[in-house]
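Below is one structure, written out as structure tokens, with a few remarks after it.
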Amino acid sequence: MTNDIALMSAAEQGQLIRTRALSPVELMRACLDRIERHDPILRAYITVCADSALEQARQAEREIAAGQYRGPLHGIPFGVKDQLCTRGIRTTLGSRIMADYVPDRDATAIVRLKAAGAILIGKENLHEFGKGGTHVFPYGQPRNPWNIEHNPAGSSSGSGIAVACGFSSGSLGEDTGGSIRSPAAANGVVGMRPTFGRVSRHGGVMYGWTADTIGPITRSVEDNALFLQTIAGHDAEDPLSSTRPVPDYVSEMRGGVRGLRLAVVREMTWPDGVSPEVRSAMERAIVVLRELGAIISEISLKLAKHAVPLLMLTSDSDIASMMLKRWLRTRWNDFDTGTRSRLAAGCLIPAAVYHRAMRARVLVRREILDALAGCDALLSPTNLNPPGRIDAARETVGSAGDMQNKVLLRRISTYPFSMANVPAIAVPAGQSARGLPISLQIAAKPFDESCALRVAYAYEQATPWHQRHPDLTAIEADAKRLTRSNP
Amino acid sequence: MNLTREQVAALAAAVELDIPEPDLDGVTIRVSALLSAMKAIEDELGADMDAVDPVPPIFPREDF
Numbered sequence: 020m021t022n023d024i025a026l027m028s029a030a031e032q033g034q035l036i037r038t039r040a041l042s043p044v045e046l047m048r049a050c051l052d053r054i055e056r057h058d059p060i061l062r063a064y065i066t067v068c069a070d071s072a073l074e075q076a077r078q079a080e081r082e083i084a085a086g087q088y089r090g091p092l093h094g095i096p097f098g099v100k101d102q103l104c105t106r107g108i109r110t111t112l113g114s115r116i117m118a119d120y121v122p123d124r125d126a127t128a129i130v131r132l133k134a135a136g137a138i139l140i141g142k143e144n145l146h147e148f149g150k151g152g153t154h155v156f157p158y159g160q161p162r163n164p165w166n167i168e169h170n171p172a173g174s175s176s177g178s179g180i181a182v183a184c185g186f187s188s189g190s191l192g193e194d195t196g197g198s199i200r201s202p203a204a205a206n207g208v209v210g211m212r213p214t215f216g217r218v219s220r221h222g223g224v225m226y227g228w229t230a231d232t233i234g235p236i237t238r239s240v241e242d243n244a245l246f247l248q249t250i251a252g253h254d255a256e257d258p259l260s261s262t263r264p265v266p267d268y269v270s271e272m273r274g275g276v277r278g279l280r281l282a283v284v285r286e287m288t289w290p291d292g293v294s295p296e297v298r299s300a301m302e303r304a305i306v307v308l309r310e311l312g313a314i315i316s317e318i319s320l321k322l323a324k325h326a327v328p329l330l331m332l333t334s335d336s337d338i339a340s341m342m343l344k345r346w347l348r349t350r351w352n353d354f355d356t357g358t359r360s361r362l363a364a365g366c367l368i369p370a371a372v373y374h375r376a377m378r379a380r381v382l383v384r385r386e387i388l389d390a391l392a393g394c395d396a397l398l399s400p401t402n403l404n405p406p407g408r409i410d411a412a413r414e415t416v417g418s419a420g421d422m423q424n425k426v427l428l429r430r431i432s433t434y435p436f437s438m439a440n441v442p443a444i445a446v447p448a449g450q451s452a453r454g455l456p457i458s459l460q461i462a463a464k465p466f467d468e469s470c471a472l473r474v475a476y477a478y479e480q481a482t483p484w485h486q487r488h489p490d491l492t493a494i495e496a497d498a499k500r501l502t503r504s505n506p
Numbered sequence: 002m003n004l005t006r007e008q009v010a011a012l013a014a015a016v017e018l019d020i021p022e023p024d025l026d027g028v029t030i031r032v033s034a035l036l037s038a039m040k041a042i043e044d045e046l047g048a049d050m051d052a053v054d055p056v057p058p059i060f061p062r063e064d065f
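Protein sequence lines correspond, in order, to chains A and P.
Sequential numbering of the first sequence, starting at 20, is according to the working numbering.
Sequential numbering of the second sequence, starting at 2, is according to the working numbering.
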């Protein structure tokens with residue numbers, strides 16, 4: 020366990036708060052101090068709610084002192100991707116277009132975290148409208164805390180950075196194609212995309228209605244289970260949310276992997292373009308899980324390669340259809356160039372093609388569900404490469420080759436599970452030679468988040484990666500060096 | 002499938018979207034790539050696609 024209270028897991032912080040060995044005010048101040056010192060460089064936050072967060076921390080302290088302890092998240096600071104509505108707090112979606120939008124309600128997931136006593140610390144930076152591929156971030160360029168010249172991935176970029184740096188104890192992200200898992204992977208933390216319908220989507224500004232999910236990003240698997248436990252469950256405001264009961268994730272997480280059948284997905288693990296370092300990390304992860312008693316096999320998902328274009332042909336079109344009338348026709352120049360190109364393409368997919376793509380999605384999903392019927396979980400790397408440099412990671416599309424390499428291929432490891440609407444978790448699984456995080460992805464059957472958490476927890480406890488944190492003392496010197504070389 | 006800039010501009014006009022000149026190449030490449038990918042998927046899976054209905058994202062309770 021670290022001695023730095025801001026970097027402890029939320030579970031550890033919660034235990035100290037429960038026993039009154041740690042004050043929620045002290046914890047909140049530690050997070051706010053870190054934000055104040057380091058976020059001008061890292062740009063995890065668009066809005067920091069310092070005054071209200073401190074007031075609520077004082078309130079939590081009073082409640083706990085009075086014996087009104089609400090549970091393990093009482094007094095715990097959390098951030099949310101600025102794609103989720105917050106009552107009275109602007110919700111920008113990372114876009115100039117939404118700069119003045121102040122919702123009159125909280126998203127359901129936020130309502131539930133607040134009811135559990137968790138405290139909103141701020142709204143986190145993201146790719147514009149939660150779409151990947153933003154070139155210029157209107158609220159500041161988010162940077163990877165492990166190396167500020169590198170990309171923190173997205174679209175929930177700030178949510179990954181904030182958790183890695185102790186700016187919050189957990190965050191809520193949104194994942195359509197990989198937007199929770201990918202930044203969790205790039206920043207060395209844990210990110211869960213739940214089954215579609217497990218967590219209410221109400222209050223999220225997200226128009227990809229067939230794939231959008233809200234889920235937690237945390238520093239440990241146990242924290243992920245705690246946050247998921249709090250936000251999961253039916254919500255009358257989201258007609259697609261499931262009525263099935265929510266299991267006790269924290270208890271079920273501890274079941275171990277002995278005898279579990281885990282299958283490595285060949286096309287998502289060893290494709291052209293996977294870096295040697297990620298390949299090595301995967302090989303080591305497989306050894307660890309086998310030594311823990313899991314039964315490992317390899318499986319082929321021949322249709323997985325179609326997931327990226329199919330999700331873009333359909334979800335991008337769903338989202339673009341909502342943007343066209345409202346903003347795309349009239350405020351073209353207010354969009355980032357990457358966002359508007361992607362949305363415009365989504366607008367131009369003929370309906371006949373869209374509907375054929377929806378049928379093809381059924382086949383890709385069926386292949387994944389058939390694979391999961393024969394095993395307990397599927398494994399792959401979360402990202403095929405350690406996070407690249409910020410300039411190289413920009414999706415500038417000037418040729419068909421760019422489209423293939425920069426847009427389609429790099430998403431092959433996350434999109435298939437999005438398309439199948441199954442739960443998938445990213446867990447730290449190594450570091451590159453340059454100290455950048457590498458991540459293992461575990462996907463499970465629909466509504467079997469417990470299994471994904473169980474494998475992730477067993478792996479996490481057997482490896483050291485979750486105990487490593489970025490060296491924030493180094494980033495100020497790095498930032499000065501960057502400024503000198505790019506005045 | 003390689004659409005021309007003119008074809009993409011015409012498609013955009015059909016939905017009352019005026020794509021400025023500097024962005025037209027990028028949009029053309031994106032739409033062409035996605036339609037090409039769909040053509041390849043049709044070639045591989047078209048017959049199977051004829052045999053299924055699009056399903057909603059939620060899972061039937063009896064199955065899971």
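Don't be surprised by glycine CBs; every beta carbon is placed ideally from N, CA and C.
| said: A29(A) and D254(A) - do their beta-carbons sit closer together than 8 Å? | reply: no
| query | Hey, S174(A) and L145(A): beta-carbon distance below 8 Å or not? | reply | yes
| Under 8 Å, do T214(A) and V441(A) count as touching if we go by C-beta distance? | yes
| field | Where H574(A) sits in the DSSP three-state scheme | value | Here chain A covers residues 20 to 506 and nothing more, so residue 574(A) does not appear.
| field | Buried or exposed (CB count within 10 angstroms, at least 16 for buried), H374(A) | value | exposed
| request: Quick one: using the 10 Å Cβ neighbour count with 16 as the cut-off for buried, is K499(A) buried or exposed? | output: exposed
| Under 9 Å from the C-beta of P157(A): neighbouring residues of chain P | Here the premise fails: no neighbours, minimum Cβ distance about 18 Å.
| field | Any 3 or more C-beta pairs closer than 8 Å across the stretch 294-305 of chain A and the stretch 321-338 of chain A | value | no
| Can you tell me the Cα-Cα spacing of P489(A) and H57(A), whole angstroms? | 12 Å
| In angstroms, rounded to a whole number, what distance separates the CA positions of A462(A) and I36(A)? | 33 Å
| request: Could you tell me whether the Cβ atoms of A445(A) and A204(A) are closer together than 8 Å? | output: yes
| request: Kindly list the residues whose CB is nearer than 8 Å to the CB of E93(A), restricted to its own chain and excluding five residues on each side of it in sequence; keep chain order. | output: Residue identity differs from the one stated: residue 93(A) is His in this sequence, not Glu. G33, I36, R37, P43, A79, E82, I83, A135, G136, A137, listed in sequence order.
| query | What runs of the beta strand (DSSP E), each 3 residues or longer, lie entirely inside the stretch 382-415 of chain A? | reply | 396-400
| Straight-line gap, S37(P) to N3(P) (C-alpha atoms, nearest Å) | 8 Å
| message | With the cut-off set at 8 Å, would you say V265(A) and A251(A) are in Cβ contact? | response | yes
| query | Any idea what DSSP makes of T29(P), helix, strand or coil? | reply | helix
| Residues bridged to F97(A) [DSSP beta-bridge criterion] | L139(A), G189(A)
| field | Top-ranked residue by Cα proximity to S437(A), from A493(A), G197(A), A364(A) | value | G197(A)
| Got a sec: which bits of the stretch 120-142 of chain A sit with their beta carbon under 9 Å from any beta carbon on chain P, in order along the chain? | none
| query | Starting from M272(A) and walking both ways along the alpha helix (DSSP H), at which residues does that stretch end? | reply | 268-272
| said: Can you give me the C-alpha to C-alpha distance between V306(A) and S432(A), rounded to a whole angstrom? | reply: 20 Å
| message | Against T351(A), what residues of chain P qualify as contacts under a CB-to-CB distance less than 7 Å, listed in chain order? | response | First, the amino acid is wrong: residue 351(A) is Trp here, not Thr. Going along chain P in sequence order, the residues near W351(A) (Cβ under 7 Å) are P21.
| field | Limits of the unbroken alpha helix (DSSP H) element including R503(A) | value | 491-504
| query | Does the separation of the CB atoms of M377(A) and P55(P) fall below 8 Å? | reply | yes
| task | Evaluate N166(A) with the Cβ neighbour count: other Cβ atoms within 10 Å of its Cβ, from every protein chain shown; 16 or more gives buried, anything less gives exposed. | result | buried
| field | Minimum Cβ-Cβ distance from M287(A) to chain P less than 8 Å | value | no
| said: Between which residues of its own chain and V269(A) is the CB-CB distance below 7 Å, once the five residues before and five after are set aside? | reply: E241, A244, L245, Q248
| message | Under 8 Å, Cβ to Cβ, is there at least one residue of chain P near A462(A)? | response | no
| task | Check the C-beta distance from T127(A) over to D231(A) and give it rounded, since I have them as a contact under 8 Å. | result | Not quite, the Cβ-Cβ distance comes to about 13 Å (not below 8 Å), so this is no contact.
| message | By the three-class DSSP mapping on this structure, what secondary structure does D231(A) have? | response | coil
| For V426(A), does the three-state DSSP call read helix, strand or coil? | helix
| In whole angstroms, what separates the C-alpha of F186(A) from that of L320(A)? | 39 Å
| C-beta neighbour in chain A for R6(P), strict 8 Å | no
| request: Consider the Cβ of A13(P): report whether some Cβ of chain A lies at a distance smaller than 8 Å. | output: yes
| task | Enumerate, from N- to C-terminal direction, the unbroken beta strand (DSSP E) stretches of 3 or more residues contained entirely within the stretch 228-313 of chain A. | result | 232-237, 280-284
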